[in-house]
């Protein structure tokens with residue numbers, strides 16, 4: 280399992296880093312704000328200073344004008360014209376310089392600039408007029424003639440002074456305004472600083488509170504989760520509130536709980552499987568028949584493996600078919616449609632039987648690819664488990680699930696374990712049933728044998744007792760010759776019947792022990808058949824049976840003559856027994872190296888379902904009371920025919936007679952055949 | 002009833018040899034013997050007969066109608082119910098099988114002639 284790493288993006292640390300960065304940014308922003316608000320203040324002061332300087336300059340200009348005028352008056356009064364001109368020139372250049380300075384200083388002041396332009400114009404006119412005065416004076420030398428010119432100069436001087444005063448007034452107004460501005464904004468930086476400080480405090484407080492609250496909630500959440508889990512609620516998963524360290528711890532905690540839960544589920548599953556196994560064992564102990572056991576296998580197996588569909592079948596005796604015994608979870612008609620499945624068919628069940636392996640179908644696609652798909656409304660995944668005992672297949676179990684499914688190893692092991700137990704139980708009960716059948720057959724046989732042996736013994740004993748009684752009474756000699764002969768013949772017949780019965784019993788015993796030995800000798804088959812018909816002529820005519828023979832007289836067989844005679848006698852006397860009063864047709868032919876003997880009667884026939892059974896031991900089709908005999912004839916005949924490598928079968932329809940067909944290889948060149956390997960199950 | 006009627010015996014037995022042997026032995030003793038091959042035949046004969054036998058010797062295992070069914074039919078018919086009936090059987094469990102048939106006697110095959118005569122003597126005097 281992956282452990283959450285705290286180095287990846289430790290979110291709490293990250294948050295703290297964000298806080299520090301925010302504080303620094305906030306500080307820089309605050310400082311900038313304070314700086315901005317202070318800057319206005321400084322600009323205001325600078326402007327006031329500039330206005331003051333300009334005011335000084337205008338004062339100097341005004342003073343220069345006054346000084347120039349006084350100087351001029353004084354020198355003119357002393358008639359020192361050249362000095363006066365020189366002094367005037369010096370003053371004029373000084374004032375010009377001051378005006379230039381003022382113009383420079385107030386270049387962007389729209390209020391001052393037009394007045395200064397006026398000053399410059401007036402001062403230029405003033406200079407020109409005074410130069411004119413000086414020229415006239417130099418020409419005339421008489422001041423008195425200049426009176427009108429001087430009035431113009433004085434007027435210009437007054438205009439200049441007025442303009443300068445207006446500048447000064449404007450500057451003073453500007454200075455006052457600026458001062459008022461600066462003065463009114465003197466608390467601004469402080470205000471900004473205070474507001475920022477408050478804002479910062481609030482942010483820090485709220486943020487901190489929020490962080491602590493979230494942290495506290497996460498911890499509480501985790502804490503309550505641990506409490507719940509500690510109480511045993513492993514299904515609980517704590518909510519991940521934040522993607523921070525606590526969140527990671529919570530996720531890790533959830534993973535741990537999940538792992539715990541999975542562990543507990545595994546344990547529960549393990550325990551439930553053991554309980555299931557015990558349950559199955561208990562159920563088996565109550566199941567006495569194979570069908571009980573198969574029902575337990577289907578029901579308990581399904582339950583244990585949590586399947587929704589179940590099917591169980593047993594392999595037929597010849598191993599060619601699966602006889603399906605039980606379907607669970609399937610539609611009802613399936614039992615009828617699929618009661619028998621040929622093992623050669625391509626189905627999961629038959630594949631499991633053929634391979635003796637678990638056969639798994641994980642999904643409908645899987646089924647489509649391998650078996651042409653699942654039936655509609657059937658499962659979406661399927662597993663077929665062969666029921667094996669000592670490597671021998673007894674049957675198969677199929678389990679279906681409603682969704683596609685992968686089977687893990689533990690599950691498969693469990694299934695194998697369960698169905699191994701099932702196989703054993705099935706095997707035991709099958710053996711038990713076979714034994715029971717054998718015991719029943721033996722009991723029945725003993726009962727029949729006893730009955731059959733007692734029947735000929737009864738007239739034998741009666742005849743002897745009659746004989747004794749006559750001797751005792753001294754009346755024996757009064758009996759007629761015919762009567763005495765009849766008594767003796769009856770007794771002899773009974774001994775014959777007894778001998779035949781004993782012979783049949785001995786044959787069965789030999790066959791059971793696998794000691795049916797054949798001593799082959801060549802003989803003419805047709806002659807043998809004709810001889811038997813002649814031998815039993817009396818019995819046949821008594822039964823009212825006319826024999827119609829079609830025989831190939833050239834057939835020479837190399838077989839155990841006496842045994843084959845036994846077969847022919849059995850078939851012919853059976854026909855006489857069961858179809859008395861009707862003709863019997865005997866047909867003998869050869870094709871290839873096979874002799875075919877067909878004995879057909881016109882009796883009541885044999886129902887289809889009985890046609891296999893009549894060749895079993897102690898079987899007679901009709902009620903045992905109908906016809907005397909042990910019911911061993913056809914069984915012995917079949918064993919004899921099979922020992923010769925041949926086959927015997929019956930073709931019959933109820934009410935329409937029976938035809939027994941014996942096919943025997945001629946056996947040319949064969950000397951002695953060891954006893955046929957007759958499989959004995961009893 | 003005449004003396005002859007009293008000495009009439011019915012043998013119901015499917016095996017011809019047993020039937021004949023019994024018939025001869027009983028005839029030798031002076032009884033009139035009628036026979037039937039199965040229960041059905043016997044029942045038909047009895048219902049048609051004017052004279053009833055003094056005893057019935059009944060085999061159990063027979064075709065068409067077995068001894069047990071015959072006995073049930075016999076008991077159900079009031080005219081025949083009273084006829085004493087002795088069972089002859091080769092079955093080893095004869096007593097179990099005939100316990101609730103209300104039979105007077107049962108004889109196991111191979112039967113003893115003296116035992117048969119003793120039973121007959123009891124009912125046919």
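Chains as they are written, first to last, in the working numbering: chain G, 280 to 961; chain W, 2 to 126.
Each residue gets a CB set at the ideal place from its N, CA and C atoms; glycine is no exception.
Cβ-Cβ distances below 6 Å link residue 99 of chain W to 88 and 107 in the same chain, with the five nearest sequence neighbours on each side left out; the list follows chain order. Residue 444 of chain G sits exposed, since fewer than 16 C-beta atoms from the chains shown fall within 10 Å of its C-beta. The DSSP assignment places 826-830, 835-838 and 863-870 as complete runs of the beta strand (DSSP E) inside the segment 802-870 of chain G, in order along the chain (cut-off: 3 residues). The residues 579, in chain order, have a CB closer than 7 Å to that of residue 558 of chain G in the same chain once the five nearest residues on each side in sequence are set aside.
Among the CB atoms of chain W, none fall inside 7 Å of the CB of residue 546 of chain G.
With a beta-carbon spacing of about 6 Å, residue 435 of chain G and residue 401 of chain G fall inside the 8 Å limit used to define contacts.
Taking residue 575 of chain G as reference, the option from G/627, G/605, G/534 and G/542 with the minimal CA-CA separation is G/605. Between residue 464 of chain G and residue 319 of chain G the beta-carbon gap is near 6 Å, inside 8 Å, which marks them as a contact. Excluding its 5 nearest sequence neighbours in each direction, residue 587 of chain G has C-beta neighbours in its own chain below 8 Å: 581, 608, 658, 679, 680 and 681, listed in chain order.
Residues 693 of the same chain have their beta carbon placed closer than 6 Å to that of residue 552 of chain G, with the five preceding and five following residues left out of the count. Cβ neighbours of residue 895 of chain G within its own chain (closer than 7 Å, five residues either side excluded): 914. Along the segment 17-29 of chain W, the positions whose C-beta sits under 8 Å from a C-beta of chain G are 18, 19, 21, 22, 23, 25, 26 and 29, read in chain order. Note that the segment 334-342 of chain G touches the segment 375-392 of chain G; at least 3 beta-carbon pairs, one per stretch, sit closer than 8 Å. Residue 468 of chain G and residue 321 of chain G have their C-alpha atoms roughly 12 Å apart. Inter-residue distance for residue 518 of chain G and residue 500 of chain G is about 7 Å (C-alpha atoms, whole angstroms).
With contacts defined by Cβ atoms closer than 7 Å, residue 572 of chain G and residue 704 of chain G form a contacting pair. Using a Cβ-Cβ cut-off of 7 Å, residue 864 of chain G does not count as an interface residue toward chain W, since no Cβ of chain W sits closer than that to its own. The C-alpha of residue 432 of chain G is placed about 19 Å away from the C-alpha of residue 395 of chain G. Within the DSSP bridge table, the entry for residue 107 of chain W names W/88 as partners. Annotation: residue 302 of chain G to residue 454 of chain G spans about 41 Å, alpha carbon to alpha carbon. Contacts with chain G at 7 Å (Cβ-Cβ) do not include residue 120 of chain W. Counting along the chain, the unbroken alpha helix (DSSP H) around residue 582 of chain G starts and ends at 569-583. According to DSSP, residue pairing for residue 944 of chain G in a beta bridge involves G/873. In the DSSP secondary-structure assignment, residue 37 of chain W is bridged to W/13. Under DSSP, residue 603 of chain G forms a beta bridge with G/592. Pairing residue 124 of chain W with residue 79 of chain W gives a Cβ-Cβ distance that is not under 7 Å. Neighbourhood of residue 736 of chain G in chain W, by CB distance below 9 Å: 91, 110 and 111, in chain order. Burial is judged here by how many other beta carbons sit within 10 angstroms of a residue's own beta carbon; residue 457 of chain G has at least 16 and is buried.
Note: residue 641 of chain G is not bridge-paired with any residue in the DSSP secondary-structure output. At least one CB atom of chain G sits nearer than 7 Å to the CB of residue 114 of chain W. Straight-line spacing of the CA atoms in residue 875 of chain G and residue 885 of chain G works out to 21 Å. Sorting G/397, G/342, G/406 and G/341 by C-alpha distance to the C-alpha of residue 368 of chain G places G/406 at the top. Chain W places a beta carbon closer than 7 Å to that of residue 745 of chain G, counting this residue as a contact.
Look at residue 742 of chain G: its C-beta is under 7 Å from a C-beta on chain W. If one requires a minimum length of 3 residues, no beta strand (DSSP E) run lies completely within the segment 349-394 of chain G. At a cut-off of 7 Å between beta-carbon atoms, residue 730 of chain G makes contact with chain W.
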